[in-house]
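Contents: one structure, followed by commentary.
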Amino acid sequence: MLGSENMSFFKKLKEKISKSTDTVTEKFKDGLSKTRDSFSGKVNDLVARYRKVDEDFFEELEEILIQADVGFDTVMKLIDELKMEVKRRNIQDPQEVQSVISEKLVEIYDAGEGQSAKLNIQEEGLTVILFVGVNGVGKTTTIGKLGHKFKSEGKKVLMAAGDTFRAGAIEQLEVWGERVGVDVIKQAEGSDPAAVMFDAIQAAKSRKADILLCDTAGRLQNKVNLMKELEKVKRVIEREIPGAPHEVILVLDATTGQNALIQAKTFKEATNVSGIVLSKLDGTAKGGIVLAIRNELKIPVKFVGLGEKMDDLQEFDAEKYVYGLFADQVDKTD
Amino acid sequence: MAFEGLADRLQNTIQKIRGKGKVSEADVKEMMREVRLALLEADVNFKVVKDFVKKVSERAVGQEVLQSLTPGQQIIKIVNEELTALMGGEQSIIAASNRPPTVIMMVGLQGAGKTTTTGKLSLLLRKKYNRSPLLVAADIYRPAAIKQLQTLGKQLDMPVFSLGDQVSPVEIAKQAIAKAKEEHHDYVLIDTAGRLHVDETLMDELKDIKELTKPDEIFLVVDAMTGQDAVNVAQSFNEQLGLTGVVLTKLDGDTRGGAALSIRAVTQTPIKFVGLGEKMDALEPFHPERMASRILGMGDVLTLIEKAQANVDEQKAKELEQKMRTATFTLDDFLEQLGQVRNLGPLDELLKMMPGANKIKGLNNLQIDEKQIGHVEAIIRSMTMAEKNNPEILNAKRKNRIAKGSGRSVTEVNRLLKQFEDMKKMMKQMTGMQQKGKKKGGFKFPFKPF
Ligand SMILES: Nc1nc2c(ncn2[C@@H]2O[C@H](COP(=O)(O)OP(=O)(O)OP(=O)(O)O)[C@@H](O)[C@H]2O)c(=O)[nH]1
Ligand SMILES: Nc1nc2c(ncn2[C@@H]2O[C@H](COP(=O)(O)OP(=O)(O)OP(=O)(O)O)[C@@H](O)[C@H]2O)c(=O)[nH]1
Ligand SMILES: [Mg+2]
Ligand SMILES: [Mg+2]
């Protein structure tokens with residue numbers, strides 16, 4: 000009975016995806032092909048090799064998930080649930096377990112339900128989005144990409160050069176501004192980032208901008224002073240516009256391992272992160288950390304970065320993501 | 000979410016064994032499971048972990064552990080030794096060509112820290128080796144990459160060679176070397192663009208630069224926070240380019256840095272330097288034994304000791320150590336120590352180097368917030384000598400008085416006392432382990448209290 004439910008889930012998923020034949024899906028699939036090949040390939044391989052669902056089977060499955068950078072706790076949780084499910088349904092055939100695995104993965108994603116992947120954009124007036132994260136993850140690039148997205152939706156966009164510390168950071172944002180046709184509000188290198196934000200908000204107000212994208216310097220989450228500085232930046236925004244920042248986006252590098260969880264936790268504590276952008280998913284890193292973060296911190300992933308160009312940003316869609324991981328299996332349900 | 004170190008992890012098993020007095024193979028297996036988990040949580044690649052655990056098991060199942068009275072420590076000792084061995088010796092030497100200029104190529108994934116490390120290396124070459132490097136801006140792709148290197152060059156007063164972003168990186172490298180010869184620069188540091196190891200076009204570009212410039216060093220710059228994928232990245236760059244060294248950046252964070260082990264294991268290439276900050280002087284030689292304790296979650300105590308030695312009165316430190324050993328450390332000593340700790344610099348940096356510190360929640364906050372240290376000092380100062388030496392005598396009435404005297408709440412007084420007790424317990428554990436370790440044929444335990 001449950002088996003058929005599961006089939007319908009994949010059928011549904013497949014229908015949904017084949018219907019959206021737009022380039023977005025293609026791009027997403029392309030970007031994830033590496034992930035998909037290695038991950039689902041391994042799962043298939045595993046299933047094919049085992050004739051019985053036993054301890055060894057689970058151990059190997061555990062290893063596959065760990066290799067995908069899924070947090071260890073999440074893996075254990077998943078394996079435990081799988082074991083229970085297998086026992087409950089009296090599953091003997093590894094082939095069947097494969098469906099349960101997919102089911103559980105989707106379930107974990109859905110645990111963060113209620114938080115939409117959509118950005119909280121104000122109907123009226125200015126929307127302020129603050130970008131935070133550790134060094135080199137892709138904050139500035141993501142701002143460039145999002146600036147492009149909003150611009151092409153016909154919105155009036157401004158960018159704030161809040162990284163006054165790193166060499167060339169202001170110029171980097173300016174190049175992005177030029178590229179996508181958006182003005183950048185800046186001060187000299189070394190000036191107070193909170194003051195830059197103050198300026199930018201005034202500029203955004205007087206120019207009646209729809210969106211203000213605020214860049215900040217990369218900082219490691221264990222640098223207390225730098226985290227305090229970030230809190231201050233956020234406070235200035237809050238003070239100038241009630242309800243702002245409307246989104247605080249934490250950018251995470253998909254190649255990062257277990258530390259990404261601590262990053263998410265610490266940045267959430269300091270700035271009340273409302274969403275995540277998972278960058279560099281076009282590499283071979285599995286991005287499995289998303290599971291752990293959804294599961295443990297309930298922060299939704301809003302976008303994924305799939306390259307260095309301005310349109311290499313896609314909205315995160317849990318179903319598509321799982322589809323990406325299990326494409327081979329979905330194809331089999333034909 | 001703070002990860003447990005190996006010592007903490009082994010605690011349970013050790014407790015069990017202690018009762019039995021004898022260690023079975025099953026116990027060893029259980030301990031190996033903990034070793035495995037500790038390494039996985041530290042982001043060591045799972046395959047590397049597998050090989051490693053196998054090796055350690057073989058040693059452990061032998062009589063060494065089974066006959067030992069302190070199996071937990073023996074396991075930690077073996078793990079630590081094997082880890083350190085795997086990571087190789089200290090090799091922070093930089094090649095010097097006998098036909099200058101010596102060419103160093105910096106390669107790696109996007110955002111790893113290549114440009115920053117290029118600047119840092121040039122400073123090291125000038126300061127420590129009295130060399131005259133030329134920096135080469137060969138990243139024509141990333142927005143303002145050239146500007147970034149030029150800004151660093153200006154900060155360091157280091158020459159930067161650039162041909163803008165319309166000339167191919169290969170051509171830039173070629174002309175840079177000619178320029179270096181002409182102007183008698185003995186080192187040429189080529190900052191290349193970040194790229195994915197699976198990006199064939201861009202990897203070919205690196206091969207072309209290599210072909211043309213015949214670099215003496217090719218350094219792979221890797222983010223210390225990298226997860227399981229580190230092996231793929233390192234292996235691929237190594238196979239395609241033949242690396243001569245690795246630089247591990249952002250180690251000033253709180254990552255365990257298991258990637259170091261993975262990279263070393265798959266490439267057999269030495270990790271030469273580590274990046275410990277964004278500033279240009281934050282580059283240090285790689286210390287395998289420190290990295291080993293860090294991966295095991297034992298804290299980077301050696302660095303802490305070095306820092307402390309540079310700042311703390313030697314005599315006082317000795318006294319303190321003695322007190323810790325004999326567990327006669329009082330609140331008064333604590334007060335004095337707080338004063339010294341303040342002199343050590345940013346507290347958060349220090350804290351993360353302390354073994355077990357992440358386990359003591361309250362202590363965490365207490366140490367990090369400078370204002371709170373002031374509060375703690377005020378509370379201790381409001382105690383009588385008898386109370387400081389013997390906090391057990393603190394009843395409700397005394398606590399009330401102390402709270403009033405220091406302008407803090409009774410809750411805060413209680414919290415401090417609790418923290419102090421936790422800290423003492425931690426010290427006891429540490430010194431206990433160390434002394435037992437000493438008795439057992441004189442092995443040096445990976446950490447030493449201060
Ligand atoms: N392949 C790939 N590269 C990316 C992606 N996003 C960003 N990058 C690259 O990663 C590098 C760092 O990106 P930045 O945007 O400068 O990162 P940042 O977080 O602003 O860095 P700091 O301000 O220095 O902390 C650049 O080379 C980007 O081109 C992505 O989705 N895929
Ligand atoms: N905390 C810390 N930050 C570092 C360290 N090394 C580099 N960074 C920071 O990491 C970010 C990326 O460094 P870059 O030098 O621009 O990295 P890159 O590899 O040149 O990046 P691309 O050229 O875009 O591939 C910057 O914010 C640097 O300041 C380090 O050791 N510690
Ligand atoms: Mg930036
Ligand atoms: Mg660079």
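So the protein sequences, as listed, match chains A and B. Here the first sequence stands for residues 0 to 333, where the numbers follow numbering that gives the first Met the number 0. Here the second sequence stands for residues 0 to 449, where the numbers follow numbering that gives the first Met the number 0. Cβ coordinates follow ideal geometry from the N, Cα and C atoms, glycine included.
Ranked by Cα distance from residue 26 (chain B), the options B:204, B:44, B:73 and B:244 are led by B:73.
Between ligand 2 and the CB of residue 25 (chain B), the shortest heavy atom gap is not smaller than 7 angstroms. Listed along chain B is no residue with a C-beta nearer than 7 angstroms to that of residue 56 (chain A); the closest approach is about 16 angstroms. Around residue 39 (chain B), the beta-carbon contacts reaching into chain A at under 7 angstroms are 65 and 71. Along the length of the region 206–269 of chain A, whole alpha helix (DSSP H) runs at least 4 residues long occupy 223–239, reported in chain order. Contact annotation: residue 387 (chain B) and residue 337 (chain B) have beta-carbon atoms that are not nearer than 8 angstroms.
Residue burial annotation: residue 287 (chain B) is buried, with at least 16 other C-beta atoms found within 10 angstroms of its C-beta. Counting only runs of 3 or more residues that sit fully inside the region 267–294 of chain A, the beta strand (DSSP E) segments are 274–278, in chain order.
Within 7 angstroms of the C-beta of residue 44 (chain B) there is not a single heavy atom belonging to ligand 2.
Of the heavy atoms belonging to ligand 1, none sits nearer than 7 angstroms to the Cβ of residue 263 (chain A). When DSSP states are grouped into helix, strand and coil, residue 181 (chain A) belongs to the coil group. Nearest CB-CB separation between residue 313 (chain A) and chain B: not below the 8 angstroms threshold. With its beta carbon less than 8 angstroms from one in chain A, residue 147 (chain B) belongs to the interface. In this structure, the C-beta of residue 397 (chain B) stays at least 7 angstroms away from each heavy atom of ligand 4. 8 angstroms or more divides the Cβ of residue 269 (chain B) from the Cβ of residue 187 (chain B). Our two residues, residue 256 (chain A) and residue 242 (chain A), have alpha carbons roughly 33 angstroms apart in a direct line. Nearest in C-alpha terms to residue 280 (chain B), of all of B:103, B:151 and B:88, is B:151. Boundaries for residue 90 (chain B): no beta strand (DSSP E) harbours it, and the DSSP string shows neither H nor E there. Taking C-beta atoms as the reference points, residue 29 (chain B) and residue 54 (chain B) fail to come closer than 8 angstroms.
From the beta-carbon of residue 68 (chain A), the residues of chain B found nearer than 7 angstroms are 226 and 227.
Interface annotation for the region 241–267 of chain B against chain A: 249, 251, 252, 253, 254, 255, 257 and 258, criterion Cβ-Cβ distance under 8 angstroms. Counted as a single uninterrupted DSSP element, the alpha helix (DSSP H) harbouring residue 239 (chain B) occupies residues 229–240.
Beta-bridge annotation (DSSP): residue 116 (chain B) is not paired with any residue. The residue from A:67, A:53 and A:59 with its alpha-carbon nearest to that of residue 42 (chain B) is A:67. For residue 111 (chain B), the nearest beta carbon of chain A is closer than 8 angstroms to its own beta carbon.
Collapsing the DSSP output to three states places residue 197 (chain B) in coil.
Going by beta carbons, residue 141 (chain B) and residue 193 (chain B) fall inside the 8 angstroms limit. Taking 7 angstroms as the cut-off, the C-beta of residue 214 (chain A) counts as close to a heavy atom of ligand 3.
By the Cβ rule, the region 226–234 of chain B does not count as touching the region 189–196 of chain A, because fewer than three pairs are nearer than 8 angstroms. Scanning chain B for C-beta atoms nearer than 7 angstroms to the C-beta of residue 76 (chain A) yields nothing, as the closest lies near 14 angstroms away. Excluding sequence positions up to five before and after residue 145 (chain B), its CB lies within less than 6 angstroms of the CB of 136 and 161, all in the same chain and listed in chain order. Sorting A:228, A:181, A:205 and A:271 by C-alpha distance to the C-alpha of residue 215 (chain A) places A:228 at the top.
Taking 8 angstroms as the CB threshold, residue 150 (chain B) lines the interface with chain A. Relative to ligand 1, the beta carbon of residue 118 (chain A) is positioned no closer than 7 angstroms to any heavy atom.
With contacts defined by Cβ atoms closer than 8 angstroms, residue 174 (chain A) and residue 143 (chain B) form a contacting pair.
Going by beta carbons, residue 102 (chain B) and residue 212 (chain B) fall inside the 8 angstroms limit.
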